[in-house]
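Counting from 1, position 123 in the sequence shown corresponds to residue 132 in this note's numbering; the numbering is continuous, with no gaps. Yeah, the Cβ is synthetic: ideal placement off N, Cα and C, and Gly gets one too. This report concerns only the one structure given below.
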Amino acid sequence: MIRKALTIAGSDSGGGAGIQADLKTFAALGVHGMSVITSITAQNTYEVRAVHDVPLDVIKAQFEAVVEDIGVDAAKTGMLSNSAIIELVASLISKYGVTLVVDPVMIAKSGAPLLREDAVDTLVKRLIPLATVITPNKPEAERLSGIKISSLDDAKVVAKKLVEELGAKAAVVKGGHMSGGESIDVLYYEGRFYEFRAPRIESRNTHGTGCSFSAAITAELAKGRSIPEAVKLAKEFITTAIMYGLPIGRGYGPINPTAWQLIPAEKFNILVELKNSVGVLESSGKYVNPLIPETPSYIVMALPKHYARDINAVAGTPIVRLWGSVKAVVEPGFGVCREFGELLLKVMEFNPDVRALMSIKYNEKLVEVVSRLGFKKLSIGLREALRRGGLGIYSEELSKELDVIFDEGGWGLEPLTMVLGRNSLEVTEKVLKI
Numbered sequence: 010m011i012r013k014a015l016t017i018a019g020s021d022s023g024g025g026a027g028i029q030a031d032l033k034t035f036a037a038l039g040v041h042g043m044s045v046i047t048s049i050t051a052q053n054t055y056e057v058r059a060v061h062d063v064p065l066d067v068i069k070a071q072f073e074a075v076v077e078d079i080g081v082d083a084a085k086t087g088m089l090s091n092s093a094i095i096e097l098v099a100s101l102i103s104k105y106g107v108t109l110v111v112d113p114v115m116i117a118k119s120g121a122p123l124l125r126e127d128a129v130d131t132l133v134k135r136l137i138p139l140a141t142v143i144t145p146n147k148p149e150a151e152r153l154s155g156i157k158i159s160s161l162d163d164a165k166v167v168a169k170k171l172v173e174e175l176g177a178k179a180a181v182v183k184g185g186h187m188s189g190g191e192s193i194d195v196l197y198y199e200g201r202f203y204e205f206r207a208p209r210i211e212s213r214n215t216h217g218t219g220c221s222f223s224a225a226i227t228a229e230l231a232k233g234r235s236i237p238e239a240v241k242l243a244k245e246f247i248t249t250a251i252m253y254g255l256p257i258g259r260g261y262g263p264i265n266p267t268a269w270q271l272i273p274a275e276k277f278n279i280l281v282e283l284k285n286s287v288g289v290l291e292s293s294g295k296y297v298n299p300l301i302p303e304t305p306s307y308i309v310m311a312l313p314k315h316y317a318r319d320i321n322a323v324a325g326t327p328i329v330r331l332w333g334s335v336k337a338v339v340e341p342g343f344g345v346c347r348e349f350g351e352l353l354l355k356v357m358e359f360n361p362d363v364r365a366l367m368s369i370k371y372n373e374k375l376v377e378v379v380s381r382l383g384f385k386k387l388s389i390g391l392r393e394a395l396r397r398g399g400l401g402i403y404s405e406e407l408s409k410e411l412d413v414i415f416d417e418g419g420w421g422l423e424p425l426t427m428v429l430g431r432n433s434l435e436v437t438e439k440v441l442k443i
């Protein structure tokens with residue numbers, strides 16, 4: 010069954026928050042996303058330049074067009090800028106009985122107001138009682154409850170008030186605006202408190218955090234998950250989205266909802282490509298055998314640079330000589346080839362187009378062959394430089410297009426040739442040419 014989620018919110022022309030963030034989140038979590046646009050904002054990473062509220066009849070028509078044909082498994086609200094829009098949305102939610110997540114958006118990341126002051130009372134009286142879940146951040150929770158939040162216990166008091174006095178079925182008071190080494194979200198539901206913890210991530214790329222978090226809860230509710238399960242998964246989702254936020258624009262860059270789907274998809278593709286590369290090398294084993302050094306050869310491939318943060322972002326396998334041919338010692342896996350994985354990550358710091366590497370034998374004859382093939386080459390003490398603190402002294406050379414790096418080794422280091430490429434199959438093709 011195809012699950013369907015609806016966002017009722019404003020449009021962010023910069024693509025970081027609002028319906029744009031919501032629809033990315035819905036897609037990443039595998040539900041069909043739909044939208045009712047309430048306001049159009051002229052917005053980027055550092056300011057809101059203009060706001061145009063969509064006429065009420067158009068908002069109503071959007072909602073009814075979606076609900077009466079496609080149907081809605083769960084919906085969320087974001088920017089509802091004035092009392093009239095809130096009244097309309099509340100009446101539509103009541104009429105159609107839609108499961109609702111309320112993100113009480115009041116202020117943009119840039120500081121611009123997105124909810125008129127006189128509309129707060131309407132939000133409290135008309136919309137919050139219809140909420141299956143409400144997801145305020147610290148300032149929003151304080152404004153709605155009238156209680157100052159200075160501790161986790163305060164957050165629990167506010168979450169309980171939002172449910173037992175204001176009428177929401179469940180309330181999540183988010184911990185992103187609080188201090189401490191952890192970001193702790195507090196859920197109050199059916200008389201019980203739940204805490205969802207994650208390491209606090211220091212980043213300027215947090216635009217759209219609240220939108221995507223509430224959208225993730227909506228998506229999981231649309232799938233039929235319980236409220237605690239939905240909030241738990243949304244917390245994991247948003248932590249990943251913040252971790253891999255996008256450093257674009259001059260202000261607060263957007264989070265990255267697609268990271269949730271892109272990273273595992275890329276990892277799967279890398280493993281498939283490495284297995285194919287190993288198959289090619291093994292099928293041409295009699296030609297590859299003379300290129301394998303005394304130690305095993307290693308073939309490795311990394312996630313794209315933005316996602317390649319540590320050795321667990323690099324997959325690979327060792328390859329050894331066997332009866333005149335070659336054989337992979339183990340199936341390709343992530344975090345397996347530490348030395349050459351770290352080496353690849355260091356090279357990628359200067360040349361992000363290089364995502365794969367294979368170590369082979371080094372000798373003068375091989376240098377001549379590489380020269381005849383016209384490969385772009387560089388001779389540096391690669392591993393020795395890493396031992397001494399880094400590759401910064403070679404930054405200019407490494408940033409250029411390269412096919413091969415000759416590493417003459419050092420104390421306890423066998424001389425090696427590093428064959429580079431955009432992917433492991435490209436590296437394999439170069440090795441076969443050599």
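Buried or exposed (CB count within 10 angstroms, at least 16 for buried), residue i
{"i": "residue 31", "result": "buried"}
{"i": "residue 82", "result": "buried"}
{"i": "residue 7", "result": "Only positions 10 to 443 of the chain appear in this structure, which leaves residue 7 out of reach."}
{"i": "residue 229", "result": "buried"}
{"i": "residue 295", "result": "exposed"}
{"i": "residue 341", "result": "buried"}
{"i": "residue 6", "result": "The structure shown does not extend to residue 6, since the chain spans only 10 to 443, so no value can be given for it."}
{"i": "residue 162", "result": "exposed"}
Rounded straight-line distance, which links the Cα of residue j to that of residue i
{"i": "residue 395", "j": "residue 354", "result": "11 Å"}
{"i": "residue 360", "j": "residue 410", "result": "8 Å"}
{"i": "residue 238", "j": "residue 96", "result": "30 Å"}
{"i": "residue 243", "j": "residue 418", "result": "48 Å"}
{"i": "residue 179", "j": "residue 105", "result": "20 Å"}
{"i": "residue 79", "j": "residue 50", "result": "27 Å"}
{"i": "residue 263", "j": "residue 19", "result": "16 Å"}
{"i": "residue 320", "j": "residue 327", "result": "15 Å"}
{"i": "residue 133", "j": "residue 358", "result": "50 Å"}
{"i": "residue 248", "j": "residue 129", "result": "29 Å"}
{"i": "residue 308", "j": "residue 398", "result": "24 Å"}
{"i": "residue 431", "j": "residue 302", "result": "23 Å"}
{"i": "residue 22", "j": "residue 89", "result": "17 Å"}
{"i": "residue 150", "j": "residue 144", "result": "8 Å"}
{"i": "residue 332", "j": "residue 289", "result": "17 Å"}
{"i": "residue 148", "j": "residue 40", "result": "30 Å"}
{"i": "residue 153", "j": "residue 170", "result": "10 Å"}
{"i": "residue 372", "j": "residue 205", "result": "56 Å"}
{"i": "residue 125", "j": "residue 62", "result": "12 Å"}
{"i": "residue 347", "j": "residue 436", "result": "19 Å"}
{"i": "residue 422", "j": "residue 208", "result": "39 Å"}
{"i": "residue 352", "j": "residue 223", "result": "40 Å"}
{"i": "residue 377", "j": "residue 292", "result": "25 Å"}
Rounded distance between the beta-carbons of residue j and residue i, thought under 8 Å
{"i": "residue 195", "j": "residue 168", "result": "5 Å"}
{"i": "residue 375", "j": "residue 443", "result": "7 Å"}
{"i": "residue 266", "j": "residue 37", "result": "5 Å"}
{"i": "residue 324", "j": "residue 349", "result": "Contact flag wrong, Cβ pair sits at about 11 Å."}
{"i": "residue 412", "j": "residue 429", "result": "6 Å"}
{"i": "residue 48", "j": "residue 60", "result": "6 Å"}
{"i": "residue 427", "j": "residue 391", "result": "7 Å"}
{"i": "residue 34", "j": "residue 261", "result": "Contact doesn't hold; Cβ gap of about 18 Å is too wide."}
{"i": "residue 135", "j": "residue 99", "result": "4 Å"}
{"i": "residue 214", "j": "residue 183", "result": "Residue 214 to residue 183, Cβ: 17 Å. No contact."}
{"i": "residue 217", "j": "residue 25", "result": "4 Å"}
{"i": "residue 457", "j": "residue 227", "result": "Outside the displayed span of the chain (10 to 443) sits residue 457, for which this structure offers no information."}
{"i": "residue 368", "j": "residue 425", "result": "5 Å"}
{"i": "residue 241", "j": "residue 202", "result": "Rounded, the Cβ-Cβ distance is 14 Å, inconsistent with contact."}
{"i": "residue 176", "j": "residue 137", "result": "6 Å"}
{"i": "residue 310", "j": "residue 259", "result": "Not really, about 34 Å apart at Cβ, beyond 8 Å."}
{"i": "residue 416", "j": "residue 389", "result": "7 Å"}
Residue-chain proximity (residue i, chain D), Cβ-Cβ < 9 Å
{"i": "residue 216", "result": "This model lacks chain D altogether; it includes just one protein chain."}
When the options are compared against residue i, the one with the closest alpha-carbon
{"i": "residue 315", "options": "162, 268 and 75", "result": "268"}
{"i": "residue 46", "options": "72, 39, 25 and 59", "result": "72"}
{"i": "residue 69", "options": "102, 197 and 331", "result": "102"}
{"i": "residue 414", "options": "199, 310 and 366", "result": "366"}
{"i": "residue 312", "options": "173, 253 and 26", "result": "253"}
{"i": "residue 210", "options": "93, 251 and 364", "result": "251"}
{"i": "residue 272", "options": "288, 246 and 293", "result": "246"}
{"i": "residue 221", "options": "66, 362, 400 and 110", "result": "110"}
{"i": "residue 44", "options": "75, 26 and 299", "result": "75"}
{"i": "residue 219", "options": "425, 371, 87 and 400", "result": "87"}
{"i": "residue 67", "options": "17, 379 and 124", "result": "17"}
{"i": "residue 318", "options": "108, 356 and 329", "result": "356"}
{"i": "residue 270", "options": "127, 225 and 212", "result": "225"}
{"i": "residue 108", "options": "13, 131, 52 and 91", "result": "13"}
### Message
Under 8 Å, with one C-beta from each stretch per pair, do the segment 150-162 and the segment 231-242 reach the 3-pair mark?
### Response
no
Closer than 8 Å is the cut-off here; do at least three beta carbon pairs connect the segment 271-280 with the segment 400-415? no
Three-pair Cβ contact test at 8 Å for the segment 283-290 versus the segment 333-346:
yes
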